[in-house]
Structures are given as structure tokens and as C-alpha cells.
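See below for the structure under consideration.
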Amino acid sequence: MILLKNLNIEPCLQSDVHIIDDKGIPDSIIIDQQHIQWVGSSTHLTAELKENITKEIDFQGRLVTPGLIDCHTHLIFGGNRAEEYQQRLSGISYETIARQGGGILSTVEATRKASEEKLFEDSTKRLMNWLNSGFTGIEIKSGYGLNQQAELKMLRVADKIAKQFPLHVERTLLAAHTLPPEFKGRAEEYINWIIGSLLPEVVSNNLADAVDVFCETVGFNLTQSKKLLLAAREAGLKLKIHAEQLSDSQGTRMATELGALSSDHLEYLSLSGIKSMQTNSTTAVLLPVAYYFLSETQLPPVQALREAGIAIAIASDANPGSSPVLSPLLTMNMATTLFKLTPQEALRGMTINAAKALGLEKQTGSIEVGKLADLAIWDLQHPAELSYWIGGNPCHTRIYQGEVFNLTA
Ligand code: DI6
Ligand code: FE
8 MILLKNLNIE
18 PCLQSDVHII
28 DDKGIPDSII
38 IDQQHIQWVG
48 SSTHLTAELK
58 ENITKEIDFQ
68 GRLVTPGLID
78 CHTHLIFGGN
88 RAEEYQQRLS
98 GISYETIARQ
108 GGGILSTVEA
118 TRKASEEKLF
128 EDSTKRLMNW
138 LNSGFTGIEI
148 KSGYGLNQQA
158 ELKMLRVADK
168 IAKQFPLHVE
178 RTLLAAHTLP
188 PEFKGRAEEY
198 INWIIGSLLP
208 EVVSNNLADA
218 VDVFCETVGF
228 NLTQSKKLLL
238 AAREAGLKLK
248 IHAEQLSDSQ
258 GTRMATELGA
268 LSSDHLEYLS
278 LSGIKSMQTN
288 STTAVLLPVA
298 YYFLSETQLP
308 PVQALREAGI
318 AIAIASDANP
328 GSSPVLSPLL
338 TMNMATTLFK
348 LTPQEALRGM
358 TINAAKALGL
368 EKQTGSIEVG
378 KLADLAIWDL
388 QHPAELSYWI
398 GGNPCHTRIY
408 QGEVFNLTA
């Protein structure tokens, strides 16, 4: 077992820390090859505990938090959309570009063309920014393939990342991201094709943990989204939804009633959606970087979500169109500056509530005995600094399932 000592376990973090021995100031964590075994003050280590310690690491007073989790990303894609960004800067809107066949569809074209190896190489290059800045979990969606071959290719890349890199990867099928050109004007048929052909293939090859759908005027309507989510639930997959990003289409209410883990975006969420999330304990996933990058003005109803006691997660939404993030910690900064979350809410949003959005809260997301030893140690004094600094990387050490990665060496 490893003793991690001289840590700063800030009192404001302690609602997410389970202190085993509450005598003295908690400053130590004992981990084994996978789990957290003990949390308390090093002055109260029993002889029995000491006997089992094979290694000690002195963190010299550095701040420790749970390992960060990014619960909504589109990390895998071909090409980039810098040209589209220039068009938007000249005044053409994201929706107009999408309706003209650009936007998501231009990334679909580039992703279909890219080889599996190239997609893997490009996305793992991006992934390094998550690994180096304290992330121990990430969700990755498909959705830029939109045909059998390319959707499966994307999911195989996500699966390969899961198997080759030391962090937890949740793989989400987002074939219902937008309508592919082959199905123009035939959204129902496309949904039927996903249900009848793609989903069974994904399930039999165990390539996804969840299914997501973009329920929106420019995506899929309520009936189509519901049909797909029902089929996904029947197939034993977890459910997620992109809803209320551009309009109030009641996607949240529909998905929460089906048992979705989270509803994501939510700028236009109405009171009935909030009530339904409250009743069904659904997590709200807010995506401040997309809000920033698209110069949105409609804010998600943060105060109403708070008052309803709904768990709020935040995520990078990393994608080439609305959130080309390579510094995932910026999500916390923007959640505080733009959405007025408190720094503590932002941190919970990328730890325990992000775990909840993925259905992983019993395994990870907080510093508790019995949970996986997923931790981040920072060259910082206070958790608020995680939201405060803009850019840079203050991560000193990342621990994933008991394996220690010193990032300063
Ligand atoms: N909402 C988003 O913000 C991303 N997908 C979605 O449904 C944007 C994806 C893109 O523009 O490529
Ligand atoms: Fe998204």
C-alpha cells in the first residue's frame, strides 16, 4: 500500500471526502493497487496500517482533489473547422452554416475520409491534454461517422483509447447527431436504420456504454429521439441526451422519464424540464465553453437548477465546431465566469457530479474509502484556484486506480 502524505485536503472539499480517522487535521490517504483504503491524519496511523505501507510519497502540502472527469466530449474527429470559424467571425451563424451543409457535416466528411489509425493518432494527441491536467475519466462520443462503417470506426478508436490509456473512458453512440446526406428528408428512416442495423452491431461488439441523441430543431424531434432512446434502453445501454441547446423542445422531460442519466446543454430548459429532472434525479450537464465559443446569450437556468437540488456537472464538450478546447481545465474557469457557478460547484461539476452523469458515482468522483484511487494533486493552495487561473497546467501528480503518474518528472 502507498501512503500519500502531507496533502492539503481543503475543508471545503470535505463534503466529498470520507475521513476515516477524524482526529487531527486530515493530511494523508492510503491507497492500494486500485482503491482508497484510508483517509485521515498521519499522526493517527495505527501500527497495523503502518505495517502494510510499502511506499510513502510526501506531497509537501499540495492540494489534492478527486481525479477530474470530463463527462461530455466529442474528442474523436477528422480535420478541423478553423475556416468555418472565420465565416462565423464575418457574421454567418452556426445554424446557417449547418443548414448549408457545413458545420457537423463537414466534420462527417473529414471523419469518414480519415483512416482509423489517423483518427486514433489525432485524438490521442488531444487526449494528452486531459491526461496531463488531472483527468482520470472522459466520455467520448461517436457522431461524425453517421454510417455503419464510420460510426463503428469511431467507436473502435474510443475503445482502443479505453484499452491503451490509463484513464476511464465511457464510449457513447451518438449516431443521431445530425441527419447524414444519404438520408436527407428521411429522419424517421435514419432512426429506424440506427435501431435496426447499427445498434445491434454496436451492442454485439460491445463498443458502447451509452446512447445519446441530439434532440433539436436542427437534430431529431421528440418522437424520433424517444424511439431511439427506448431501443437503447432495451439493449441495456445507458441513456443521455443533448437537449434544450437552441430551443425548448422538451427533450429533457422525455429523456428523464425514460431514465436518462443526464441531460446536456440546457440553455433553454423550462420549469417542467427542471421538475422532471428533480423527480428522476437526472444530472444537468452544462457546457460553458460551447456557450463561449458560439457567443451565446441565453444562459442555462443555474439558480433554478440549484434551488431544485439538481446535481450540476460541467464538461468541455470538446469538438471541432462549437468547442475546440485543448485546455480542458478552462471549463471550470468558464463555468464560474460565464455561468456564475461557485468554484466549489465547478469542481463538483468535474468530479462527483460528472461521475453521476456517467453512472459512475459509486466507483469514483470523490475521496472516499472503497472508491477507486482516482486523484489529482496540484501545485495549488486552494480549490478555487482551479477556476481562477486561465490556461497553464498546475497538475503535479495524477493517480488512476492506484497507479501514480508524476507529471513534473
Ligand atoms: N452540440 C454541440 O455543441 C456539438 N454537437 C451537438 O450536438 C457540436 C458539434 C459540431 O459542431 O461539430
Ligand atoms: Fe456535445
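Its first residue numbered 8, the sequence shown is counted upward by one per residue in the working numbering.
Heads up, the beta-carbon is just placed ideally off N, CA and C, and yes, glycines get one too.
{"query": "If I follow the unbroken beta strand (DSSP E) through Thr290, where does it start and stop?", "result": "Thr290 to Leu293"}
{"query": "How about Arg119 and Gly152: do their beta carbons lie closer than 8 Å?", "result": "yes"}
{"query": "Could you name the residues of the same chain whose beta carbon sits closer than 7 Å to that of Ala262, not counting the 5 residues immediately before and after it, in chain order?", "result": "Leu236, Leu246, Ile248, Ala250 and Ser270"}
{"query": "Can you tell me where the beta strand (DSSP E) holding Arg163 begins and where it ends?", "result": "Segment Gln155 to Gln171 is the alpha helix (DSSP H) holding Arg163; no beta strand (DSSP E) there."}
{"query": "Considering Cα atoms alone, identify which of Ala353, Glu375 and Leu414 is closest to Ser394.", "result": "Ala353"}
{"query": "Just tell me which of Trp385, Leu301, Ala318 and Thr349 has its CA closest to the CA of Gln93.", "result": "Leu301"}
{"query": "Rounding to the nearest angstrom, what Cα-Cα distance links Val376 and Gln44 in this structure?", "result": "5 Å"}
{"query": "Just how far apart, CA to CA, sit Ile83 and Glu392?", "result": "30 Å"}
{"query": "Can we count His175 as close to ligand 2, meaning its CB is less than 7 Å from some heavy atom?", "result": "no"}
{"query": "Note down, one range per segment and in chain order, each alpha helix (DSSP H) of at least 4 residues found wholly within the region 197-261.", "result": "206-211 and 229-241"}
{"query": "Out of Gln310, Val411 and Asn400, state which residue places its alpha-carbon closest to the alpha-carbon of Pro335.", "result": "Asn400"}
{"query": "Would you mind stating whether Ser256 and Glu223 have Cβ atoms separated by less than 8 Å?", "result": "yes"}
{"query": "Please state if the CB of Thr343 and the CB of Pro350 are separated by a distance shorter than 8 Å.", "result": "yes"}
{"query": "Does the beta-carbon of His403, which I'm using as the reference point, lie nearer than 7 Å to any heavy atom of ligand 2?", "result": "no"}
{"query": "Considering only residues of the same chain and omitting the five flanking positions on each side of Ile168, which have a CB-CB separation below 6 Å?", "result": "Val176"}
{"query": "My assumption, with CB atoms under 8 Å, is that Tyr407 sits in contact with Asp381. Please give the rounded CB distance.", "result": "6 Å"}
{"query": "With the cut-off set at 8 Å, would you say Thr143 and Ile76 are in Cβ contact?", "result": "yes"}
{"query": "Contact between the region 210-227 and the region 275-284 is defined here as three or more beta-carbon pairs at a separation below 8 Å; is this criterion met?", "result": "no"}
{"query": "For Ile374 and Arg88, I'd like the C-alpha separation in whole angstroms.", "result": "39 Å"}
{"query": "Is there at least one non-hydrogen atom of ligand 2 closer than 7 Å to the beta-carbon of His51?", "result": "no"}
{"query": "With a cut-off of 8 Å, do at least 3 Cβ pairs link the region 53-64 to the region 121-140?", "result": "no"}
{"query": "Consult DSSP for Ile374 and reduce its assignment to one of helix, strand or coil.", "result": "strand"}
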